[in-house]
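Q: Following full-length UniProt numbering, the numbering of the sequence shown begins with 1 at its first residue and continues without gaps. Glycine is no exception: its CB is placed at the ideal position from the N, C-alpha and C atoms. Following this message is one structure expressed as structure tokens.
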Amino acid sequence: MSDGRPADTSIAPLIIVTSTILQFITTSLVAARVGTRLQSKKPLYSYDWFLVVAQSLSFPAFFLVIAATNHGYGRFRRFVPFPSTVNAMRYIFFAQLIFYWSAALVKISVALLLISLKKFSRPWRIFLYITIGIVSGSLILVTLMQLTACSKISAYWDPRVMARSTCWPGEAIAGIIVAFSAVNIAADVVYTCMPLTFLVRLNQPLHQRIIIAILMSLGLFASLAAIFRTLGGVVRARDVFRNSSNITLLAMVELHMGVIAATLPTLKSFFERVLRGMRISMKQQPTEERAREVLYQAGLLDDMYRKGRGTVPGKVERVADLEMGPGTHVSPEKPVEGIR
1 MSDGRPADTS IAPLIIVTST ILQFITTSLV AARVGTRLQS KKPLYSYDWF LVVAQSLSFP
61 AFFLVIAATN HGYGRFRRFV PFPSTVNAMR YIFFAQLIFY WSAALVKISV ALLLISLKKF
121 SRPWRIFLYI TIGIVSGSLI LVTLMQLTAC SKISAYWDPR VMARSTCWPG EAIAGIIVAF
181 SAVNIAADVV YTCMPLTFLV RLNQPLHQRI IIAILMSLGL FASLAAIFRT LGGVVRARDV
241 FRNSSNITLL AMVELHMGVI AATLPTLKSF FERVLRGMRI SMKQQPTEER AREVLYQAGL
301 LDDMYRKGRG TVPGKVERVA DLEMGPGTHV SPEKPVEGIR
């Protein structure tokens with residue numbers, strides 16, 4: 001604009017599209033993981049349940065964020081009416097609380113999965129239990145801070161209430177949030193790197209080990225999103241309302257990338273069945289030889305063309321439309337397309 005002020009743009013569409021796609025992907029992956037367990041008649045273990053709860057919590061967070069965008073969330077503050085900003089920030093406050101729990105439960109799920117693998121020595125398993133305790137402790141601390149830092153909880157989303165409330169110093173609140181983020185980032189890095197130590201010893205082909213390593217390394221993308229999210233919250237922004245929407249977008253990416261990283265490496269058998277089914281389906285597609293045989297049985301093809309020794313007169317445009325089952329009979333009264 002001519003006065004140097006930002007135009008009335010919005011990242012709400014980006015938030016909606018990105019979060020919807022990620023929500024669909026992670027829900028499908030978690031459902032596939034649970035379905036694989038049930039199909040193999042294996043029980044759901046503790047790490048499965050933690051992941052299921054984490055994914056379930058992501059739904060109310062998702063809908064709260066969508067509701068916030070309906071109140072101007074994603075736009076610059078100066079273009080949004082005050083009542084709308086209050087409503088939007090109220091939705092985001094509760095979405096943030098849910099996000100904390102969902103993200104932490106994903107970390108705990110991964111830690112419990114690593115413990116169950118029994119690939120690590122006892123000291124390493126003790127270390128994993130300690131990390132679970134640290135993640136849980138930081139989760140409780142940041143939750144209590146969110147609920148008690150101000151004498152009136154509505155001060156978080158309503159500046160009018162903030163003026164009449166007593167709150168902790170801003171530095172203390174920011175410090176707890178940064179500490180919680182640091183714990184989650186460190187957990188992502190640790191839980192990503194630990195499996196790599198035994199992958200080199202797996203009795204698997206090299207290409208399979210490389211694929212597993214890449215899938216497990218997806219957790220580092222969640223770490224990167226958490227780093228950018230934390231930096232966005234620490235740096236003082238000119239428009240807190242718009243900056244908050246950027247942080248929310250990164251938080252959604254962080255959460256769902258964590259779920260993807262926790263789920264994909266455990267779905268090896270599921271994807272093998274899918275690929276095997278695709279190969280079988282491809283083998284069952286009509287081939288030229290089978291089409292020639294059907295046409296020969298119908299009296300529409302000479303023996304020399306049936307054996308493939310000649311070129312079929314005319315052209316069969318839709319071989320797939322011919323019935324290929326046992327006892328197939330093509331009626332001479334009903335011409336086959338392309339046969340003259």
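Between Ile-173 and the rest of its own chain, which residues show a CB-CB distance below 7 angstroms, the 5 nearest in sequence each way excluded?
A: Met-145, Ala-149
Q: Establish whether the CB of Ile-173 and some CB of chain B are separated by less than 8 angstroms.
A: Considering every chain present, this structure includes no chain B. It has just one protein chain.
Q: Spell out a yes or no on whether the region 15–34 and the region 51–60 are touching, meaning 3 or more CB-CB pairs, one atom from each, closer than 8 angstroms.
A: yes
Q: Is the Cβ-Cβ distance between Ile-177 and Gly-258 less than 8 angstroms?
A: no
Q: Could you tell me which residues DSSP pairs with Arg-75 in its beta bridges?
A: Note: Arg-75 sits in a beta bridge opposite Ser-10, Tyr-73.
Q: Just checking, does the region 103–116 make contact with the region 243–263 on the three C-beta pairs under 8 angstroms criterion?
A: yes
Q: Considering Pro-169, what are the terminal residues of the alpha helix (DSSP H) in which it resides?
A: Here Pro-169 belongs to no alpha helix (DSSP H), and DSSP marks it neither H nor E.
Q: Tell me whether the beta-carbon of Arg-125 lies closer than 8 angstroms to the beta-carbon of Ile-115.
A: yes
Q: Which residues does DSSP pair with Cys-193 in a beta bridge?
A: In DSSP, Cys-193 forms no bridge with anything.
Q: Would you report the Cα separation of Tyr-91 and His-71, rounded to the nearest angstrom?
A: 10 angstroms
Q: Cα separation between Arg-77 and Ile-16?
A: 19 angstroms
Q: Answer with buried or exposed for Tyr-129, where buried requires no fewer than 16 other C-beta atoms within 10 angstroms of its C-beta.
A: Counting C-beta atoms within 10 angstroms of its own C-beta, Tyr-129 has fewer than 16 neighbours from the protein chains shown and is therefore classed as exposed.
Q: Hey, quick one: how far does the alpha helix (DSSP H) through Ser-84 stretch, first residue to last?
A: Where Ser-84 is concerned, the enclosing alpha helix (DSSP H) stretches over 82–116.
Q: When you compare the CB positions of Ala-213 and Glu-254, do they come within less than 8 angstroms of one another, or not?
A: no
Q: Can you give me the Cβ contacts of Ile-227 inside the same chain, cut-off strictly under 7 angstroms, excluding the 5 residues immediately before and after it?
A: Excluding positions up to five away in sequence, the list reads Ile-185.
Q: Spatial neighbours of Leu-250 within its chain, please: CB distance less than 6 angstroms, with the 5 preceding and 5 following residues excluded, ordered by chain position.
A: Excluding its 5 nearest sequence neighbours in each direction, Leu-250 has C-beta neighbours in its own chain below 6 angstroms: Ala-225, Phe-228, Arg-229, listed in chain order.
Q: State the start and end residues of the unbroken alpha helix (DSSP H) segment that holds Trp-124.
A: 122–148
Q: Under 8 angstroms by Cβ, that's how I've got Ser-165 and Lys-152 pegged, so tell me the actual separation to the nearest angstrom.
A: 5 angstroms
Q: When you compare only the Cα positions, how much space is there between Phe-62 and Thr-20?
A: 8 angstroms
Q: Taking just the CA atoms, how far does Ala-155 sit from Ala-67?
A: 20 angstroms
Q: Indicate the three-state DSSP secondary structure (helix, strand or coil) for Phe-62 in the structure shown.
A: helix
Q: By the DSSP assignment, the alpha helix (DSSP H) with Pro-159 in it spans what residues?
A: That run of the alpha helix (DSSP H) goes 159–162.
Q: Measuring straight from C-alpha to C-alpha, what distance separates Ala-237 and Leu-147?
A: 24 angstroms
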